[in-house]
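Input: a single structure, listed below in structure tokens.
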């Protein structure tokens, strides 16, 4: 930068810093290499826009090269004309120096000279090199270069398409070999990706490789799924590689293409231009001239045979005519002739004798000449290679075949296999794709569909395909000895069952799919969707077999249901995937899967496996019958799901807070399509009545309609001023209605997208709206506490009803005579004729959604207590409760067959349930329970119910029930000798009952012993001490100790001023320890009634406390993320353990060597008590840690949070126990952990026994 330019820039620094928003010029300056990514981040780090602009000027002045003109042009580009005027004289100075003949480093031509040569850019970008045998096709090259030039100023797509074998890849490569074009339009570089036919796993690998390629500095971690990879690519192209070109070669699927829509300049090379219909933005289509001219064909043959055109024999004309100008066909035959110039007549004869009409009638391909060329190439292979190539007929064209699989099938080592595949690739018979997996190159091979179609027909005629399938199976067994010993090679676990079926070995397939070890390997290597698909294929094969598989059909159906019902756990991308054997162990005792799991669990233990397994001894049978599929299709909360109108195997559409709309199969959970376009949470979705369109409503203030067939957006309806919460389609598909936070209900024309009318009479948020079944009325409900009924024809409100609270949901009855609406935990039936509420249905919790069954027999409701309920409309009673979600439900809907119910939840999961109305009971247990292990093999269990009773179990058998109390139960405790039961009530009273065994019976009876009245609030803790002579009780403020025999109050402690968080006795009741939100940790000598220890923390709440078994150390944890350990005898502080979140629970090990701390961030840490050092950390939970236990030998650790997990003290996770409900408060284990007792928030009692 010369002195004049520097003076101009400094003089106008104030004006630039006042007016310039640096983000407006970053893209241009990066594309001209004025700024690199580090400098951009440095400038962005300034606090104000003024400081950022000053930093930009300072950076420009510090540059050795002259970027004055580029800065001027960036301002011009961003339309800062007034700032450009201030700098114009400096630009003139540069131009005048150019006229004088001097060289300016700021000149664009000079910049180009500093850029790498185009050969380097193409080579570094992976652009294929032009082969030696290549015929210039200038018209095609010009067309593609013209299209690429159009991307200079704006991002967009060039879609370069033509039939298979037309030379698209080479023409694209040749078109990019233009230095001015590359430097002007794509100075950020070119990145070539050969996509090909890929499944999701291969697609993810390709996207991961591209991310690593673009991430020069290694700043980002490897993306774990295609959605994350797409977002990563958007960032990388935007920030680190602006104005670069992404080339996607050989793209076959629009489903793949959508993940590469990363808002950059893109060249798409494909044989099917229809896949580009889903794209948006600037799209330029370039269709290649798919055939060579006669002279160009001659030139290709002449080049291959190293002859002059005039010297080509007459047979060459026949070959050209037969190939019909196909570049690939001509090139393939030319390659065959290269080493055998005496075979012209032979290849003419081969082409002439090919029965083309027969081929056309049997294969669904239009490209006859390409098929013929393939046949010629195949016949020219050596006998050995032909034999190997024939075996490829057992593979699917869309599946990548790993070299390991081919080497097994061909019985060759991998080097020989790769050499033979290289020869096939050289003859254009197969393609390959190499990717990096765990820093190792992984090569997969693909056979194009035309070649595969030919070879499959050829092998079918020879009746060889069945034998080839069996050959693959046999050779895998020869190589590995047993199916269960086969390592994950990326293929066999996905497709072995298919090969067994095709080999007509259904019996082996059945045995394999009964093996939980094999299924676990498949789940670890593949996906639940893949495995469910294999089950379906096998069950179909069994039904058509002459062998009777009836018993196996029932078992396989049970296993399929089990996997489907928990598919979201197996599909987890975290390390904490569900163990199938453990999942099977919690099935009812009558389930055949349980019997297999028990054998598997015992086998694992004999093998000294690093796992523990638990059987749920008392699982209710009816739980298994309901849930058929559980799938996590969205990253975050699912706001709505709806079924299409099919009666069999319906399709589901769901939408969520991740801005996405997903369409998926209700049978196996396979994602069929993902609709993207909304820029905020999608709150509602539905199908049109003809199931051809999907309608969605979003917080981005829009309603959108989508074509289900093309997966494209049809219309975007704008008019609401705030979040749109609901959209519904009329049954005649004429209108849409929408409800919004802007207090309006709008009606839209379905075909045109025009606004028909807007109803503006609500005074607050409109939560829901819906059409009547005759499409003549719309009902809407609002936070203004009103329900309104609108007439479509008159466009007026014909009925209005006001209630006492906001109305969340409304729906017309099937006869349109009534409207049901929800207010809190009530469902009200509003009669339209007399405009009165006819009936109120009371429910246990707030209702967020309703749905009528198609047969009009049931009403389904979605609740905030994480359940869905089924109401019998005729008998006016609830007949079923569906539990299994871990957060509130957002929607519920029926299948047209009346056999299926689908729910969505804020937990991000959609569940598919079978409709079941049997075994329903309104009584359920609550998470108030106790267990005594006086007899370790037959524990005594007390579990309280919502009917204010205590149920007593001896192991899993019901031993007796207490009388119903007048108040709800808040705590219970069994005495150590199991002869008394203390029950704490919500009013503060304590009932102590005597337990007596009934003679010659396993049953017990209860006898009223005494009532203790002192507390005024609910009892939260009870504990018998001093050999059951004393009873300690605690509410949230007061601790009392009672003499059980005399029924007298022995001690009262009221020293805590805020809620008591933990209270316990130790040393046989001699001492009482307690912590409180008031920051105090106190220990009292109960016998002397004196305080023996006190720790005060005025600023932080004390959360819990614990004592070693030998009573030598005490510990307490607080909300300031600390746990302190003291010597109890001396009162000396031994250690302060620092955490990074609130420590909610702590526990010493039985040998006193360790202490475990559980945090609100879900982590558990084990510390050495002698040194106060961290031993290990487990980060497996996602919620608060509510309880921790060590086993007697201090080998195992049990942690309680959103679920139950077991670890060893090294920190290795040994097992996760799947529960029906969530949010456990505690688990009571036996000393050796052979038995564990708990009750979840859905009211299920778990008696878990270690296998």
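Residue numbers (this note's numbering): 65 to 1315. Even glycine gets a Cβ: it sits at the ideal position worked out from N, Cα and C. All values derive from a computational prediction rather than experimental measurement.
ask   = Under the rule that 16 or more other beta-carbon atoms within 10 Å means buried, what is residue 1245, buried or exposed?
value = buried
inquiry  = Let me confirm a value: residue 74 is counted as buried when at least 16 other C-beta atoms fall within 10 Å, else exposed. Which label applies?
reply    = exposed
task = Keeping to the same chain, check which residues put their C-beta closer than 6 Å to that of residue 806; ignore five residues upstream and five downstream.
result = 784, 785 and 786
message = Restricting to Cα atoms, I'd like to know which of 531, 956 and 486 is closest to residue 457.
response = 531
ask   = residue 485 to residue 509, Cα distance in whole Å?
value = 8 Å
request  = Kindly indicate which three-state DSSP category residue 867 falls into: helix, strand or coil?
outcome  = coil
key: residue 713 burial status per 10 Å Cβ neighbour count (16 or more: buried)   = exposed
request  = For residue 1225, I'd like the list of residues in its chain whose CB is within less than 6 Å of its CB, leaving aside the five on either flank, ordered along the chain.
outcome  = 1205
inquiry  = My assumption, with CB atoms under 8 Å, is that residue 255 sits in contact with residue 310. Please give the rounded CB distance.
reply    = 5 Å
ask   = In chain order, what residues of the same chain have a beta carbon less than 7 Å from the beta carbon of residue 777, not counting five sequence neighbours either side?
value = 741, 768 and 770
inquiry  = Restricting to Cα atoms, I'd like to know which of 863, 827, 706 and 732 is closest to residue 793.
reply    = 706
ask   = Should residue 754 and residue 797 be called a contact, given that it needs their Cβ atoms to be closer than 8 Å?
value = yes
Where residue 1191 falls, given that 16 or more other Cβ within 10 Å makes a residue buried = exposed
key: Length of the line joining the Cα atoms of residue 960 and residue 708   = 8 Å
request  = Taking the CB atoms as reference points, tell me whether residue 1040 and residue 1107 lie closer together than 8 Å.
outcome  = no
ask   = In this structure, does DSSP put residue 1086 in helix, strand or coil?
value = strand
key: Contact between the region 215 to 222 and the region 195 to 205 (3+ Cβ pairs under 8 Å)   = no
ask   = What distance in whole Å lies between the Cβ atoms of residue 1017 and residue 1033, which are believed to be in contact at a cut-off of 8 Å?
value = Rounded, the Cβ-Cβ distance is 16 Å, inconsistent with contact.
task = To the nearest angstrom, report how far apart residue 424 and residue 548 are at their CA atoms.
result = Here residue 424 scores only 30 on pLDDT, less than 50, and its place in the model should not be relied on; the value that follows carries that caveat. So the alpha carbons of these two residues sit roughly 44 Å apart.
ask   = By DSSP, does residue 782 sit in helix, in strand, or in coil?
value = strand
query = Hey, out of 989, 1052 and 1308, whose CA is closest to residue 1025's CA?
reply = 989
task = Would you mind giving the Cβ-Cβ distance between residue 245 and residue 213, rounded to the nearest angstrom? I have them listed as a contact below 8 Å.
result = 7 Å
request  = Spatial neighbours of residue 593 within its chain, please: CB distance less than 6 Å, with the 5 preceding and 5 following residues excluded, ordered by chain position.
outcome  = 732, 733 and 734
request  = Give me the Cβ distance between residue 1099 and residue 1052, rounded to the nearest whole Å; I'm assuming they're in contact under 8 Å.
outcome  = 6 Å
key: Rounded C-alpha distance that separates residue 418 from residue 590   = Residue placement at residue 418 is poorly supported in this model, since its pLDDT is 37, which falls under 50; the coordinates still yield a value, given next. Cα to Cα, residue 418 sits roughly 42 Å from residue 590.
key: First through last residue of the beta strand (DSSP E) which encompasses residue 278   = No beta strand (DSSP E) contains residue 278, which is instead part of the alpha helix (DSSP H) from 264 to 278.
request  = Indicate whether residue 1201 and residue 1186 have their beta-carbon atoms separated by less than 8 Å.
outcome  = yes
query = When burial is assigned at 16 or more other CB atoms within 10 Å of the CB, is residue 421 buried or exposed?
reply = With a pLDDT of only 28 at residue 421, under the threshold of 50, the placement of this residue in the model should not be trusted; the figure read from the coordinates follows. Exposed.
query = According to DSSP, what are the bridge partners of residue 922?
reply = 936
ask   = Roughly how far, in whole angstroms, is the beta-carbon of residue 948 from the beta-carbon of residue 691, given that I think they are within contact range, below 8 Å?
value = 6 Å
message = Within 8 Å, do at least three Cβ pairs link the region 133 to 151 to the region 203 to 212?
response = no
inquiry  = Quick check: residue 1335 and residue 1139, are their CB atoms within less than 8 Å of each other?
reply    = This structure does not reach residue 1335, given that the chain is present from 65 up to 1315, and the question cannot be answered.
request  = Label residue 154 either buried or exposed according to how many other C-beta atoms from any shown protein chain fall within 10 Å of its C-beta, with 16 as the threshold for buried.
outcome  = buried
query = Which of the three DSSP states, helix, strand or coil, is assigned to residue 931?
reply = strand
ask   = Between the beta-carbon of residue 845 and the beta-carbon of residue 832, is there less than 8 Å?
value = yes
Cβ pair count under 8 Å reaching 3, the region 362 to 382 against the region 262 to 277 = no
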